[in-house]
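Chemist:
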Amino acid sequence: MNSAVKVPLVHITRRKNIVWYRAWIVRVVAVIMALILCGIVTMLLVGANPIDVYKTMVVGNFGTARKIWFMLQDLAILLIISLALAPAFRMRFWNLGGDGQALMGCLGATTIMILFRDSMPNWLLIICMLLAALFGGALWAFIPAFFKSKWNTNETLFTLMMNYVATQLVAYFVVFWENPKGSSKIGIINQRTQLGWLPTIGGNKYILIIIVAVLLTVGMFVYMRYSKHGYEISVVGESEPTARYVGIKVRKVIIRTLILSGAICGLAGFLLVSGTDHTMTTTLVGGRGFTGVMVAWLAKFNPFFMVITSFVLVFLGRGASEISTMFGLNDSFGAILTGIILFFIIGCEFFLNYELHFRHGKNKEVQ
Amino acid sequence: MFDIVAFIPRAVVQGIPLMFGCVGETITEKSGNLNLGTPGIMYVGGICGVIGAFFYEHNATKMVAALAILIPILCCLAGSLLMGLIYCFLTVTLRANQNVTGLAMTTFGVGIGNFFGGSLIKLSGADVPSIALSRTHGFISATLPFAKNWGWVGKIFFSYGFLAYMAIVLAIVLAVLISKSKMGLNLRAVGESPATADAAGINVTKYKYFATCIGAMIAGLGGLYYVMDFASGVWSNDAFGDRGWLAIALVIFTIWRPGHSIWASILFGGLCILHMFIPTGTNLAVKELYKGIPYVVTIIVLIFTSLRNRREDQPPASLGLSYFREDR
Numbered sequence: 059m060n061s062a063v064k065v066p067l068v069h070i071t072r073r074k075n076i077v078w079y080r081a082w083i084v085r086v087v088a089v090i091m092a093l094i095l096c097g098i099v100t101m102l103l104v105g106a107n108p109i110d111v112y113k114t115m116v117v118g119n120f121g122t123a124r125k126i127w128f129m130l131q132d133l134a135i136l137l138i139i140s141l142a143l144a145p146a147f148r149m150r151f152w153n154l155g156g157d158g159q160a161l162m163g164c165l166g167a168t169t170i171m172i173l174f175r176d177s178m179p180n181w182l183l184i185i186c187m188l189l190a191a192l193f194g195g196a197l198w199a200f201i202p203a204f205f206k207s208k209w210n211t212n213e214t215l216f217t218l219m220m221n222y223v224a225t226q227l228v229a230y231f232v233v234f235w236e237n238p239k240g241s242s243k244i245g246i247i248n249q250r251t252q253l254g255w256l257p258t259i260g261g262n263k264y265i266l267i268i269i270v271a272v273l274l275t276v277g278m279f280v281y282m283r284y285s286k287h288g289y290e291i292s293v294v295g296e297s298e299p300t301a302r303y304v305g306i307k308v309r310k311v312i313i314r315t316l317i318l319s320g321a322i323c324g325l326a327g328f329l330l331v332s333g334t335d336h337t338m339t340t341t342l343v344g345g346r347g348f349t350g351v352m353v354a355w356l357a358k359f360n361p362f363f364m365v366i367t368s369f370v371l372v373f374l375g376r377g378a379s380e381i382s383t384m385f386g387l388n389d390s391f392g393a394i395l396t397g398i399i400l401f402f403i404i405g406c407e408f409f410l411n412y413e414l415h416f417r418h419g420k421n422k423e424v425q
Numbered sequence: 122m123f124d125i126v127a128f129i130p131r132a133v134v135q136g137i138p139l140m141f142g143c144v145g146e147t148i149t150e151k152s153g154n155l156n157l158g159t160p161g162i163m164y165v166g167g168i169c170g171v172i173g174a175f176f177y178e179h180n181a182t183k184m185v186a187a188l189a190i191l192i193p194i195l196c197c198l199a200g201s202l203l204m205g206l207i208y209c210f211l212t213v214t215l216r217a218n219q220n221v222t223g224l225a226m227t228t229f230g231v232g233i234g235n236f237f238g239g240s241l242i243k244l245s246g247a248d249v250p251s252i253a254l255s256r257t258h259g260f261i262s263a264t265l266p267f268a269k270n271w272g273w274v275g276k277i278f279f280s281y282g283f284l285a286y287m288a289i290v291l292a293i294v295l296a297v298l299i300s301k302s303k304m305g306l307n308l309r310a311v312g313e314s315p316a317t318a319d320a321a322g323i324n325v326t327k328y329k330y331f332a333t334c335i336g337a338m339i340a341g342l343g344g345l346y347y348v349m350d351f352a353s354g355v356w357s358n359d360a361f362g363d364r365g366w367l368a369i370a371l372v373i374f375t376i377w378r379p380g381h382s383i384w385a386s387i388l389f390g391g392l393c394i395l396h397m398f399i400p401t402g403t404n405l406a407v408k409e410l411y412k413g414i415p416y417v418v419t420i421i422v423l424i425f426t427s428l429r430n431r432r433e434d435q436p437p438a439s440l441g442l443s444y445f446r447e448d449r
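Sequences listed follow chains U and Z, in order.
Residue numbers for the first sequence follow my numbering, so the first one is 59 and each next one is one higher.
Residue numbers for the second sequence follow my numbering, so the first one is 122 and each next one is one higher.
(1) Should I394/U be listed as close to the ligand SAM, given that the test is whether its C-beta is under 6 angstroms from any heavy atom?
(2) Going along chain U in order, which residues have a C-beta closer than 9 angstroms to the C-beta of P436/Z?
(3) With 9 angstroms as the limit, tell me which residues of the stretch 139-169 of chain Z have their beta carbon closer than that to any beta carbon of chain U; keep them in chain order.
(4) Taking CB distances under 7 angstroms as the criterion, tell me whether E407/U reaches chain Z.
(5) Would I369/Z and A132/Z be called neighbours here (beta carbons separated by less than 7 angstroms)?
(6) Can you give me the Cβ contacts of L241/Z inside the same chain, cut-off strictly under 7 angstroms, excluding the 5 residues immediately before and after it?
(7) Closest by CA to S255/Z, which one among G136/Z, F389/Z, Y177/Z, S382/Z?
(8) Can you have a look at A191/U and say buried or exposed, based on whether 16 or more other CB atoms are within 10 angstroms of its CB?
(9) Put V424/U into one of helix, strand or coil per three-state DSSP.
(10) Take the Cβ of F416/U as the centre, count every other Cβ of all protein chains shown within 10 Å, and call the residue buried at 16 or more, exposed below.
(11) Tell me R494/U's beta-bridge partners as DSSP assigns them.
(12) Go through its chain and collect everything with a Cβ distance to D363/Z's Cβ below 8 angstroms, but skip five positions before and after it.
(13) Between which two residues does the alpha helix (DSSP H) harbouring A321/U extend?
(14) Hey, is A393/U's beta-carbon within less than 7 angstroms of any beta-carbon in chain Z?
(15) Anything in chain U within Cβ reach of F229/Z, meaning under 8 angstroms, just list it in chain order.
(16) Residues of chain U with a CB under 9 angstroms from the CB of E447/Z: which are they?
(17) One question on the structure: do S201/Z and K329/Z come within less than 7 angstroms of each other, judged by their Cβ atoms?
(18) Using a beta-carbon distance below 7 angstroms, is S319/U in contact with chain Z?
(19) Could you say which of P400/Z, V417/Z, F389/Z lies nearest to I129/Z if we only look at CA atoms?
(20) So V232/U and M338/U are supposed to be a Cβ contact under 8 angstroms. How far apart are they, rounded?
(21) Flag A225/Z as yes if its beta-carbon sits less than 7 angstroms from any beta-carbon of chain U, otherwise no.
(22) Which residues, in order along the stretch 393-417 of chain Z, keep a beta-carbon less than 7 angstroms from a beta-carbon of chain U?
(23) So, helix, strand or coil for V348/Z, using DSSP?
(24) What would DSSP say about V446/U, mapped onto helix, strand or coil?
(25) Enumerate, from N- to C-terminal direction, the unbroken alpha helix (DSSP H) stretches of 4 or more residues contained entirely within the stretch 289-363 of chain Z.
(26) Taking contact to mean at least 3 C-beta pairs separated by less than 8 angstroms, is the stretch 325-335 of chain U in contact with the stretch 216-236 of chain U?
(27) Below 7 angstroms on C-beta distance, what does N388/U contact in chain Z?
(28) How big is the Cα-Cα spacing for T396/U and R346/U?
(29) Whose CA, out of Y164/Z, G272/Z, K327/Z, lies closest to the CA of T214/Z?
(30) Tell me the residue span of the alpha helix (DSSP H) that contains Q226/U.
(31) Using DSSP with H/G/I as helix, E/B as strand and the rest coil, what is I399/Z?
(32) When you compare only the Cα positions, how much space is there between K276/Z and W356/Z?
(33) Please determine, among A385/Z, V231/Z, K412/Z, I148/Z, the residue with the shortest C-alpha to C-alpha distance to G344/Z.
(34) At the 7 angstroms Cβ level, is G232/Z part of the contact set with chain U, yes or no?
(35) Can you find a CB in chain Z that lies within less than 7 angstroms of the CB of M149/U?
(36) What did DSSP end up calling I252/Z once you bin it into helix, strand or coil?
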């Protein structure tokens, strides 16, 4: 018995495994396509030759020693926040509150820095600032984690809202401690005494932050790959019922992981306040909590790949802002280019996870 | 004293952009797509309207009311539709992660808005100091002529441009469509359990595309209303601020019911400007805390809905997940 069955033009199936080098070929092709599109967009909008545009981007990142240090510092902070978010994502807990948690870290550090600057030695002050920052970040992550584990409250939306509560809290304290009065700004804290400032290594305030980021990358890799906690996180992420069945206390794992996640975000806030900026503003974290989500996700939560993805994003951001100053454009141009490249990288994941089978010839006669 | 007649109209005009955003995001989420790109879409909607109006104002010798209204609206709809399509293509067709796609869309959309807002004059070579589309504003925000004579009734109910009433009508129409029509039932089925909907013969992809794109266009109108009506046709970068996120918060606050968005967005609009009406004396810092109230309220609602755990108050069950037929 023959019957004509309509076979669809494309049949999509899930890919089991993809060889690592083929995965990277797909990603590299996607980035190249994105860069070509970015070049065309730049050419149309700015009227500049794309080669010049990319040259400007490289100069913007590596042009002078100062620029390289800036870039590395930016990279380190973004990396730390991404590393903080990774274990939570591994567990399928969408922590979009990195911004808020880092801001609470800033707030914690700043509070100690201002209130106790005269009452303790500098080394103790710095340690207390660090602890306050860790606590602030951890608290901000603990609250949504508690409700998620107890009543399954939607964590994506909860953490998102916590960002704005943190922003307004910081805004409150910025006005509360404003200096000079009426400026609505805190200004550089302890400018003369430099109390609560992290020590510089060889006169360079960025090296310490970079060292912290490197240590944290390795530490997080070991934690997620080789520790019992890391194993529990991935089991909970794969399937909560399975985790419960094998005797993992899911509630405990969720809360513990989120406290860790928030505390590391708080650490990033501490490094910003104590290490580089020595002030607190509502925009100090600058959306890195959101960028960190993309960094962690694009790297498939592998800390070493995160170094690459965060470098790509930082490179684009800094490069594009160089383009805008060079060609006298608004500096949001960088956001457009970053967006285009992200779309391509996000889209290319499809070709890693799924396989396309095209129909050969016309609809076949099927027996 | 608290001036309620002055307060309500200001709360309403604050609330209308949120209402558009909330209604748009609600029908998007009903299809199971958590579009975190809404803040970006609202920026794109706003700037596309501005670009359309800008070229019309600078090229037309005599402006016709119908065109002055239609051109920005169509540009706005086209821009936000395009954003909706990008989101759908990535999340529905390519099954990318919705949160990551949404955040990238917001980066992109806010970038588009601020870039063109800041460079439109330079790019088009026009000889004006800033983008101030006061004539288009005049057409779009035109109110009923008798509103002024009706005292406080006119002020509270009839002092807004037509887009404000459109938001309310849209909210009511969509509320009815979602809860009463077959289309609405199918849409809810897609959001709750796409596999079941698929088995029942509903085209899941089509529903997701349509709901998300229509939702994006409605949200885009919020951006347009903000620039053309609220801000008197003046674009300034980042002025739109966090309203997009507030709109997403509102979706939770209204527990996914567009009908509720009417009073809820006006309430949120009121909460946003409450700090200007509460006398705080010299303590300016407290004002900042008042601005956080809408977010705290949203969190409380979120906790309560999960705590009471009533089935009709929950987010769509498949919210945030992409659907692949062959996954079991």
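We put the CB at the ideal spot given by N, CA and C, even for glycine.
Given the structure is predicted, the values throughout are model-derived calculations rather than measurements.
Modeler: Taking the structure as given:
(1) The model on display carries no ligand, and the ligand SAM is accordingly not part of it.
(2) N212, L215
(3) Within the stretch 139-169 of chain Z, the qualifying residues are L155, L157, G161.
(4) With 7 angstroms as the cut-off, E407/U counts as an interface residue toward chain Z.
(5) no
(6) I172, F175, I252
(7) Y177/Z
(8) buried
(9) Bear in mind that the predicted position of V424/U carries a pLDDT of just 44, short of 50, making it too unreliable to give a figure here.
(10) exposed
(11) The question about residue 494/U has no answer here: the residues shown for chain U are numbered 59 through 425.
(12) The answer, listed in chain order, is P160.
(13) Bounds of the alpha helix (DSSP H) holding A321/U are 308-328.
(14) yes
(15) Ordered by position in chain U, the residues that pass the 8 angstroms Cβ test against F229/Z are A393, I394, T396, G397, I398, L400, F401.
(16) Around E447/Z, the beta-carbon contacts reaching into chain U at under 9 angstroms are I70, T71, R72.
(17) Going by C-beta atoms, S201/Z is not nearer than 7 angstroms to K329/Z.
(18) no
(19) With respect to the C-alpha of I129/Z, the residue from P400/Z, V417/Z, F389/Z having the closest C-alpha is F389/Z.
(20) V232/U to M338/U, Cβ: 6 angstroms. Contact.
(21) Residue contact with chain U for A225/Z: present (Cβ-Cβ distance below 7 angstroms to some residue of chain U).
(22) Listed by position along the chain: L405, A406, E409, L410, K412, G413, Y416, V417.
(23) helix
(24) Absent from the structure is residue 446/U, since the part of chain U shown begins at 59 and ends at 425.
(25) Listed in chain order, they are 303-313, 315-320, 325-346.
(26) no
(27) N235, F236, G239, S240
(28) 14 angstroms
(29) K327/Z
(30) 213-234
(31) coil
(32) K276/Z and W356/Z: Cα-Cα distance of roughly 26 angstroms.
(33) V231/Z
(34) yes
(35) Judged by the 7 angstroms Cβ criterion, M149/U is not in contact with chain Z.
(36) coil
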